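Student: Here it is: the structure, laid out below.
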Amino acid sequence: ELDGRVVRPGDGDYAEARQLFQPRYDSVAPGAVAYPAHAGDVAVCLDFARRSAARVVPRGGGHGYAGWSTVDAGLVVDLGAMAGVAVEGDEVHVGAGARLADVHAALAGRGLGVPAGLCPSVGIAGLTLGGGLGIASRAHGTTSDRLTGARVVTPDGVVREAGPDRDPELFWALRGGGGGNFGVVTEFRLRTHPVGDAAFAELHWAGADSAAVVRGWQRWLGGLADPFWSQAEFTVEAGSAAALAVRAVCLDGRAELERELSRLAGLVGRGPRDSWITVRSYGNTVRALAGCPGGGPERCRLPGRLPGRDPRGLLGRDSYAARSDFWGGPGLPDAAVGAVLDALGRYGREVPPGGTGVVQFDGVCGGAVNRVPAGATAFVHRDSAFLAQYLAYWPPSATPAEATRHQDWLDGLWRALRPWAGGRAYQNYADPKLTGWREAYYGPNLARLEQVRRTYDPERLLRFPQAV
Ligand SMILES: Cc1cc2nc3c(=O)[nH]c(=O)nc-3n(C[C@H](O)[C@H](O)[C@H](O)COP(=O)(O)OP(=O)(O)OC[C@H]3O[C@@H](n4cnc5c(N)ncnc54)[C@H](O)[C@@H]3O)c2cc1C
64 ELDGRVVRPG
74 DGDYAEARQL
84 FQPRYDSVAP
94 GAVAYPAHAG
104 DVAVCLDFAR
114 RSAARVVPRG
124 GGHGYAGWST
134 VDAGLVVDLG
144 AMAGVAVEGD
154 EVHVGAGARL
164 ADVHAALAGR
174 GLGVPAGLCP
184 SVGIAGLTLG
194 GGLGIASRAH
204 GTTSDRLTGA
214 RVVTPDGVVR
224 EAGPDRDPEL
234 FWALRGGGGG
244 NFGVVTEFRL
254 RTHPVGDAAF
264 AELHWAGADS
274 AAVVRGWQRW
284 LGGLADPFWS
294 QAEFTVEAGS
304 AAALAVRAVC
314 LDGRAELERE
324 LSRLAGLVGR
334 GPRDSWITVR
344 SYGNTVRALA
354 GCPGGGPERC
364 RLPGRLPGRD
374 PRGLLGRDSY
384 AARSDFWGGP
394 GLPDAAVGAV
404 LDALGRYGRE
414 VPPGGTGVVQ
424 FDGVCGGAVN
434 RVPAGATAFV
444 HRDSAFLAQY
454 LAYWPPSATP
464 AEATRHQDWL
474 DGLWRALRPW
484 AGGRAYQNYA
494 DPKLTGWREA
504 YYGPNLARLE
514 QVRRTYDPER
524 LLRFPQAV
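Written out as structure tokens, the structure is:
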């Protein structure tokens with residue numbers, strides 16, 4: 064009944080069609096993966112699910128952390144064949160199957176951008192519906208703040224054009240209420256912003272300076288102007304000490320960046336051991352930070368033949384677990400920084416070799432993000448200083464027991480920080496172990512989100528463990 068394609072178990076492409084970004088979900092076996100050609104096809108899929116009582120889940124880029132864009136024996140509605148990106152005036156119309164690389168590339172050529180994450184194979188759909196944070200957030204807001212309208216197929220099979228004047232409550236909920244709720248978006252309309260050059264810096268201090276760097280970085284971040292982004296990131300592998308890198312992007316020129324880096328060195332108490340600055344176009348900065356391989360855009364994709372992939376694609380997949388905290392005010396007190404350093408120090412003793420532990424303090428909050436009132440959209444996190452993400456990656460060869468040890472290390476770090484963490488977490492870093500996820504992801508916006516869900520999906524056609 065579809066104009067698009069359906070891949071079923073036994074079909075040649077099924078092994079690829081069932082994959083998400085993380086190999087750890089490869090064992091999930093959907094009954095079918097549909098690639099709708101248009102919103103009408105999506106309505107047919109939802110109608111089928113309603114009549115047959117089959118589970119149905121939408122899929123964008125398949126990068127959701129918890130694996131909830133696939134389902135055993137159910138129907139996956141993959142938007143990958145609807146991935147067009149068309150600029151119209153100061154807006155861009157983005158098919159819900161587009162990957163971030165598609166969006167950044169189409170806009171950069173015209174001197175435009177939308178604030179979004181970097182990872183090229185992440186889907187615009189999941190990212191926007193849960194907020195969307197990246198290097199231009201402080202300057203231009205979350206991705207969802209730029210949303211002016213969306214085409215949505217709601218569980219009753221109706222194709223709606225949600226916006227400020229039509230289905231306004233649905234439009235409110237789509238801006239941060241989390242992917243997989245309320246309906247299947249087939250197109251996003253986003254307000255663009257002009258882009259010019261971006262100055263990028265990376266700095267390293269001696270390991271012994273780590274606590275001073277985090278302390279100084281937190282104070283520095285609080286005084287940065289909107290056109291800045293910065294991240295302080297620890298990485299650790301078994302057998303070696305944790306390494307700390309501070310990265311910064313300034314959309315306001317190299318001189319401003321250099322001035323701010325001097326202020327950072329002053330707050331840390333000493334200059335970095337090494338550092339460099341590169342000035343490139345915004346588009347090339349995004350490509351470089353995203354780790355896109357050289358050559359054409361087709362190489363900056365996951366390999367494969369199905370929509371969203373390319374046979375020439377060179378990107379890889381990763382298995383990992385992650386947890387997050389939005390940190391407010393002054394950030395981590397000294398004791399919390401000590402707890403992070405202790406956990407990094409324990410890594411090699413607690414975790415089998417071959418993986419990587421990451422602690423990432425991401426300066427994607429503040430500026431334009433925090434000027435929007437917490438209830439203006441469903442994205443509630445408007446008063447944080449920065450977002451922290453803690454990750455444990457394990458190698459493809461890890462046994463389930465070994466993967467559990469990586470996750471145990473992560474959980475130990477997360478637990479150690481509870482005395483100081485504010486309790487808010489990022490809905491786009493879906494954390495299946497977070498028992499208080501309703502409050503952590505949505506805070507006071509939860510009740511309104513639940514009302515939207517009751518209005519548009521009273522029978523709970525769309526459901527997953529952390530569905531609104
Ligand atoms: C490597 C990596 C880097 C990341 N970097 C960033 C970053 O810089 N900034 C940031 O903010 N986030 C980042 N994220 C998190 C990312 O925003 C979320 O994982 C997001 O959910 C991924 O969207 P997706 O479409 O790829 O995922 P999917 O797994 O396809 O979808 C995620 C959820 O949204 C639902 N969904 C998908 N498509 C639709 C649709 N069309 N309509 C309704 N619901 C839908 C799914 O059912 C699922 O519940 C990153 C994730 C990864 C893996």
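FYI, the numbering for the sequence shown is 64 to 531, going by our numbering. Beta carbons are placed, not taken as given, at the ideal position from N, Cα and C, and that holds for glycine. None of these values were measured; they are calculated from a predicted model.
1) What I want to know is whether the C-beta of P415 ends up closer than 6 Å to one or more non-hydrogen atoms of ligand 1.
2) May I ask you to list the residues that DSSP assigns as paired with I340?
3) Tell me the DSSP secondary structure of A488 in three-state form.
4) G391 bridges to which residues according to DSSP?
5) Can you find a heavy atom of ligand 1 that lies under 6 Å from the Cβ of H203?
6) Mind checking whether the beta-carbon of V508 lies closer than 6 Å to any heavy atom of ligand 1?
7) Considering only the alpha carbon of each residue, which of G379, L395 and L369 lies closest to G75?
8) Measure the Cβ-Cβ separation of G420 and W292 and say whether it is below 7 Å.
9) So does the segment 236–250 actually touch the segment 304–317, counting three or more Cβ pairs closer than 8 Å?
10) Can you find a heavy atom of ligand 1 that lies under 6 Å from the Cβ of W339?
11) From the DSSP output, read off the bridge partner residues of Q452.
12) Does DSSP put R214 in a helix, a strand or coil?
13) Pull up the distance between the alpha-carbon of R229 and that of S273, whole angstroms please.
14) From E522 to V443, what distance separates their C-alpha atoms?
15) Just the Cα atoms here: how many angstroms apart are L473 and K496?
16) Cutting at 7 Å between CB atoms, please list the residues of its own chain near R326, excluding the five before and the five after it.
17) Return the CA-CA distance between L253 and A269, expressed in angstroms with no decimal places.
18) Do P93 and V134 come within 7 Å of each other at the CB atom, strictly closer than that value?
19) Short check: CB of A455 to CB of A399, under 7 Å?
20) Taking 6 Å as the cut-off, is the C-beta of C108 nearer than that to any heavy atom in ligand 1?
21) Among the residues of its own chain, which have a CB less than 8 Å from the CB of D405, if the five just before and after it don't count?
22) Terminal residues of the continuous beta strand (DSSP E) containing G158?
23) List, from N- to C-terminal side, the alpha helix (DSSP H) runs of 4 residues or more that fit wholly inside the segment 275–353.
24) Within its chain, find whatever has a CB closer than 8 Å to the CB of Q418; leave out the 5 residues flanking it on each side and keep chain order.
25) For H203 and G197, what's the separation of their Cα atoms in angstroms?
26) For R278, is the classification buried or exposed, using 16 other Cβ atoms within 10 angstroms of its Cβ as the cut-off for buried?
27) With three or more C-beta pairs closer than 8 Å as the rule, is the segment 101–114 touching the segment 342–356?
28) At a cut-off of 6 Å, would you count C182 as near ligand 1, judging by its Cβ distance to the nearest heavy atom?
29) Give a single yes or no on whether R122 has its beta carbon closer than 6 Å to a heavy atom of ligand 3.
30) Considering only C-alpha positions, which residue in the set Y345, E151, T348 and G376 is nearest to P360?
Tutor: Quick answer:
1) no
2) A264
3) coil
4) S447
5) no
6) Note that residue 508 is Asn in the sequence shown here, rather than Val. No, since every heavy atom of ligand 1 falls outside the 6 Å radius drawn around the Cβ of N508.
7) L369
8) no
9) no
10) no
11) S387 and Q423
12) strand
13) 51 Å
14) 26 Å
15) 11 Å
16) W283
17) 42 Å
18) yes
19) no
20) no
21) A479
22) E154 to G158
23) 317–331 and 345–353
24) Residue identity check: residue 418 is Gly in the sequence provided, not Gln. The answer, listed in chain order, is E300, A301, A455, Y456, W457, P458, A461 and H469.
25) 10 Å
26) buried
27) no
28) yes
29) You won't find ligand 3 in this model; what it holds is ligand 1.
30) G376
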